[in-house]
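See below for the structure under consideration.
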DNA sequence: TTTCTGACA
DNA sequence: TGTCAGGA
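Residue numbers (full-length UniProt numbering): 1 to 153.
Given below as structure tokens:
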């Protein structure tokens, strides 16, 4: 029987954050950053409210902005200047999205190898005769296993 | 009630 | 950045 996998489900629409929209007051409470600061950061070009077609002038922020504000706030609390906090948050977010994209491309589903549930990481070699699997050990170390494609090695 | 811009401390 | 004014 076919099983559902993140790799081929809804074109990535599952767990989408596209409809997570927040007002300035909500973002403020969620991140503990004042509305005054949020408007100031916007004036500095650090954050950008969502474009809106209706006449309403109140700001709306997407999930991405919530993440960015959270990151900046964290750096600020660590003692970095606002500019440095923005720079570091941008870098970390870029890295995080890179990792996410890489992982989604590398992930080919789950497989049970020797009674152990493992991640199928796809073909291991150029001629597609072996697949690479990985799983985490009890102490959270990553363990890799290479197995022949058809099981008859 | 919430949000907005501008201004003053 | 906080806070207040005066509107919307």
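Just so you know, even glycine gets a beta-carbon here, dropped at the ideal spot from N, CA and C.
Just to confirm, is the Cβ distance from residue i to residue j under 8 Å?
i           : j           : result
residue 110 : residue 120 : yes
residue 113 : residue 145 : yes
residue 48  : residue 42  : yes
residue 116 : residue 128 : no
Could you name the residues of the same chain whose beta carbon sits closer than 6 Å to that of residue i, not counting the 5 residues immediately before and after it, in chain order?
i           : result
residue 46  : 86
residue 137 : 143
residue 1   : Note that residue 1 scores 45 on pLDDT, short of 50, meaning its location in the model is unreliable and no value can be drawn from it.
residue 38  : 24
residue 21  : 60
Using C-beta distances below 8 Å, list every residue in its chain close to residue i, excluding the 5 sequence neighbours before and after it, in chain order.
i          : result
residue 92 : 71
residue 84 : 75
Sort out for me which residues DSSP pairs residue i with in a bridge.
i           : result
residue 147 : 131
residue 117 : 112
residue 46  : Per DSSP, none; premise fails for residue 46.
residue 21  : 62
Spatial neighbours of residue i within its chain, please: CB distance less than 7 Å, with the 5 preceding and 5 following residues excluded, ordered by chain position.
i           : result
residue 5   : 109
residue 152 : Confidence is the limiting factor: at residue 152 the pLDDT is only 45, short of 50, which leaves the residue's position unreliable, though a coordinate-based value still follows. Closer than 7 Å at the Cβ level, and outside the excluded window around residue 152, lies no residue.
residue 89  : 68, 71, 72 and 75
Is it buried or exposed for residue i, if we count other Cβ within 10 angstroms and need 16 for buried?
i           : result
residue 131 : buried
residue 57  : exposed
residue 81  : exposed
residue 118 : buried
residue 65  : buried
residue 31  : buried
query: On the three-pair Cβ rule with 8 Å, is the region 53 to 68 touching the region 19 to 32?
result: yes
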